[in-house]
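Residues in the sequence shown are numbered from 11 upward in steps of one, following this note's numbering.
Read the structure below first, then the notes.
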Amino acid sequence: MFADAKKSWPLNAWYQAAWSHEVEDKPFARTLLNEALVLFRDEDGAVHALEDRCCHRATPLRLGEVVSGGLQCGYHGLIFDGAGKCVHIPGQNNIPSQSRVRSFPIVERQEIIWVWMGEAEKADESQLVDYPWLDDQTNWPHKHALYHIDCNFYLLIDNLMDLTHIPFIHRNTIGGGDQKGQVEATMEVTAKETGVHYIRWMEGIVPPPTYVKGAGWAEGIKVDRWQEFEYIAPSTVVQWTGALEEGRGAKENRDQKGGFNLRLYHGVTPETDDTCHYFWTPLNGYKPESQEATDTLFKEIDFTFQEDVEFLEAQHAMMLAKPDAPLVNTKHDSALVTARKAIDRMIRAETQPPLAAE
Ligand code: FES
Ligand SMILES: [Fe+2]
11 MFADAKKSWP LNAWYQAAWS HEVEDKPFAR TLLNEALVLF RDEDGAVHAL EDRCCHRATP
71 LRLGEVVSGG LQCGYHGLIF DGAGKCVHIP GQNNIPSQSR VRSFPIVERQ EIIWVWMGEA
131 EKADESQLVD YPWLDDQTNW PHKHALYHID CNFYLLIDNL MDLTHIPFIH RNTIGGGDQK
191 GQVEATMEVT AKETGVHYIR WMEGIVPPPT YVKGAGWAEG IKVDRWQEFE YIAPSTVVQW
251 TGALEEGRGA KENRDQKGGF NLRLYHGVTP ETDDTCHYFW TPLNGYKPES QEATDTLFKE
311 IDFTFQEDVE FLEAQHAMML AKPDAPLVNT KHDSALVTAR KAIDRMIRAE TQPPLAAE
């Protein structure tokens, strides 16, 4: 499984390049899918992405500065506009048409800067993941995070597709309490054209520590807990999880006041074959009026995800050491396998030649 996954990823797709707040008035460099890019925000506030290599003498454009009209190379002063076209050569009136660098389609919305790394003419905004809660700091307050992780990005998607790791890795945060109940959750997996959706229910369980802290439940309270996840290939996972006290009919209506619930956005973008960027933000849906609750939630999730990172990096190192050694699936891997199929379809659509016309 890993050997296949390591081969590549789809290029004709939107990936998160950055959080909006990361790109300000300076050139912003980041490697995505093995390509060194430089992002910049022009004087009108629009974000652009260029190959981080000047076409004059290959100087990284990140060493330059944002000026009127575009991004100026720091070495001899060529200026490139947002489309990558050279618009100024100091001391030279004629600008040859080949004086340009590659540019990448960018869309900024809902606090996310998305980049399209494949064929520019195929960039399709209708394929962007819609996550309106990020625009709603009042009802879903949240803070943004980014980890750089030494593992292949597929391993992080896998991690989010098999939550039976929770009572083991996360026993002190979101996986403590009734550990048996969590492994034995009912799991409903639905394959989708764009990925996979699943929902897990754990009914009448002792809530885990993070949930108790958030909701302020007394000892002895039992809850009905849900974990709803959707993977949108290739690189986004959205989540809504929470719990209500047993007897409140959570299964019929999760959207009730009280209890504990959060939404989580996960954006996973490959940096190289062996490293990835993990953008995440937990949205406080249980005490939106409390800054303290938003801060505590962030801290708890941060601590929880650090536990994942330790395992992911160790797992990746072991896979590099023995790349061809086989792996065995369990019944809990049904969402993971369905997710892999969705991403494989995208890769095949790019790599297979079109059928000849009849
Ligand atoms: S290397 Fe960029 S202007 Fe010369
Ligand atoms: Fe985890």
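Backbone N, C-alpha and C fix where the C-beta goes; we use that ideal spot for every residue, glycine too.
Remember, predicted model here, so these are calculated numbers, not experimental data.
- What do you get for S300, buried or exposed, if any count of 16 or more other CB atoms within 10 angstroms of its CB means buried? Counting from 1 along the sequence shown, the entry for residue 300 is found at position 290. Per the 10 Å Cβ criterion, exposed.
- Query: CB W227 to CB W236, shorter than 9 Å?
  - Reply: What you label residue 227 is simply residue 217 of the sequence shown in a count that begins at 1. What you label residue 236 is simply residue 226 of the sequence shown in a count that begins at 1. No, the pair does not count as a contact, with Cβ atoms beyond the cut-off.
- Please indicate yes or no: does the CB of G87 lie closer than 8 Å to some heavy atom of ligand 1? Reading the sequence shown from its first residue, position 77 is the one you call residue 87. It does: the Cβ of G87 is within 8 Å (strictly closer) of some heavy atom of ligand 1.
- Task: Please go through the segment 286-354 and give each complete alpha helix (DSSP H) segment of 4 or more residues, from N-terminal end onward.
- Result: 301-331
- Residue from S30, S344, L42 with nearest C-alpha to N419: The displayed coordinates of the chain run from 11 to 368. Any statement about residue 419 would go beyond what the structure contains.
- Message: Could you compute how far the alpha carbon of T200 sits from the alpha carbon of Q192?
- Response: Numbered from 1 along the sequence shown, position 190 holds the residue referred to as residue 200. Numbered from 1 along the sequence shown, position 182 holds the residue referred to as residue 192. Cα to Cα, T200 sits roughly 20 Å from Q192.
- Is D343 near ligand 2, with its Cβ less than 8 Å from a heavy atom? In the sequence shown, the residue the question calls residue 343 occupies position 333. False, no ligand heavy atom lies under 8 Å from that Cβ.
- Could you have a look at W19 and say whether DSSP puts it in helix, strand or coil? On the sequence shown, residue 19 is found 9 positions in, with the first residue counted as 1. Reduced to three states, the DSSP call for W19 is coil.
- T372 classed as buried or exposed, judged by whether at least 16 other C-beta atoms fall within 10 angstroms: Given a span of 11 to 368 for the chain in the structure shown, any question on residue 372 remains unanswerable.
- When the cut-off is 9 Å and only beta carbons count, does K202 lie next to chain C? In the structure shown, chain C cannot be found, because there is only a single protein chain.
- Starting from the C-beta of E240, find all residues in its chain whose C-beta is less than 6 Å away, skip the five residues before and the five after it, and write them out in chain order. In the sequence shown, the residue the question calls residue 240 occupies position 230. Counting only Cβ-Cβ distances below 6 Å, and skipping sequence neighbours, we find H207, V248.
- Message: Could you compute how far the alpha carbon of L49 sits from the alpha carbon of G79?
- Response: As a first step, residue 49 is located in the sequence shown; it is residue number 39 there, counting from the start. As a first step, residue 79 is located in the sequence shown; it is residue number 69 there, counting from the start. Cα to Cα, the separation comes out at about 14 Å.
- Message: Does T220 pass the burial test, meaning 16 or more other C-beta atoms within 10 Å, or should it be called exposed?
- Response: Within the sequence shown, the letter at position 210 stands for residue 220. Label assigned to T220: buried.
- Message: Would S245 and P292 be called neighbours here (beta carbons separated by less than 9 Å)?
- Response: Stepping through the sequence shown from its first residue, residue 245 is reached at position 235. Stepping through the sequence shown from its first residue, residue 292 is reached at position 282. The answer is no: Cβ separation not under 9 Å.
- Between H276 and Y164, what straight-line distance do the alpha-carbon atoms span, to the nearest angstrom? Counted from its first residue, the sequence shown places residue 276 at position 266. Counted from its first residue, the sequence shown places residue 164 at position 154. Near 13 Å, if we compare the C-alpha coordinates of Y164 and H276.
- Message: If contact is defined by three or more beta carbon pairs under 8 Å, each pair taking one atom from either stretch, is the segment 113-122 in contact with the segment 63-80?
- Response: no
- Count the other C-beta atoms from every protein chain shown that fall within 10 angstroms of the C-beta of R67, then say buried if there are 16 or more, exposed otherwise. For the purposes of this step, residue 67 is taken as residue 57 along the sequence shown, with counting starting at 1. By the 10 Å Cβ count, R67 comes out exposed.
- Message: By the three-class DSSP mapping on this structure, what secondary structure does P217 have?
- Response: Residue 217 sits at position 207 when you count from the first residue of the sequence shown. Note: P217 maps to coil in three-state DSSP.
- Spatial distance of Y5 from E45 (CA atoms): The structure shown does not extend to residue 5, since the chain is modelled only from 11 to 368, so the question has no answer here.
- Extent of the continuous beta strand (DSSP E) to which N271 belongs: Taking the sequence shown and counting its residues from 1, one reaches residue 271 at position 261. That run of the beta strand (DSSP E) goes 270-282.
- Item | L346 and L166 closer than 9 Å at C-beta | Counting from one through the sequence shown, the residue named residue 346 turns up at place 336. Counting from one through the sequence shown, the residue named residue 166 turns up at place 156. No, they are not a contact pair.
- Message: Checking 9 Å against the spacing of the C-beta atoms, do V125 and L173 come in under that value?
- Response: In the sequence shown, residue 125 corresponds to position 115, counting from 1. In the sequence shown, residue 173 corresponds to position 163, counting from 1. Contact: no.
- May I have a chain-ordered list of the beta strand (DSSP E) segments no shorter than 3 residues that lie completely inside the segment 107-167? 116-119, 122-126, 155-159
- Query: What residue does the alpha helix (DSSP H) around V193 start on, and which one ends it?
  - Reply: Position 183 of the sequence shown holds residue 193. Residues 189-193.
- Item | H58 in three-state terms, based on DSSP | Position 48 of the sequence shown holds residue 58. In the structure shown, H58 sits in a strand (DSSP, three-state: E or B).
- Message: Let's test the definition: count the other Cβ atoms within 10 Å of the Cβ of R350 and tell me whether it reaches 16, buried, or not, exposed.
- Response: Here residue 350 is taken as the residue at index 340 of the sequence shown, counted from 1. When all chains shown are included, R350 counts as buried.
- alpha helix (DSSP H) segment containing I176, residue limits: Start at 1 with the first residue of the sequence shown, and residue 176 comes out as number 166. Residues 176-179.
- Does the beta carbon of T69 fall short of 8 Å from some heavy atom of ligand 1? By 1-based counting over the sequence shown, the position of residue 69 is 59. T69: yes, Cβ under 8 Å from ligand 1.
- Query: Out of curiosity, what's the CA-to-CA distance linking I89 and R110?
  - Reply: Taking the first residue of the sequence shown as position 1, residue 89 is located at position 79. Taking the first residue of the sequence shown as position 1, residue 110 is located at position 100. Between I89 and R110, the C-alpha separation is close to 10 Å.
- Query: Just to check, is the beta-carbon of C161 closer than 8 Å to a non-hydrogen atom of ligand 1?
  - Reply: Looking up residue 161 in the sequence shown gives position 151. No - ligand 1 has no heavy atom lying nearer than 8 Å to the Cβ of C161.
- How many angstroms separate the CA atom of G128 from the CA atom of E360? By 1-based counting over the sequence shown, the position of residue 128 is 118. By 1-based counting over the sequence shown, the position of residue 360 is 350. Roughly 10 Å between the two C-alpha positions.
- State the DSSP-derived secondary structure class of I357, mapped to helix, strand or coil. As a first step, residue 357 is located in the sequence shown; it is residue number 347 there, counting from the start. In the structure shown, I357 sits in a helix (DSSP, three-state: H, G or I).
- Message: Could you compute how far the alpha carbon of G101 sits from the alpha carbon of D305?
- Response: Within the sequence shown, the letter at position 91 stands for residue 101. Within the sequence shown, the letter at position 295 stands for residue 305. The straight-line gap from Cα to Cα measures roughly 54 Å.
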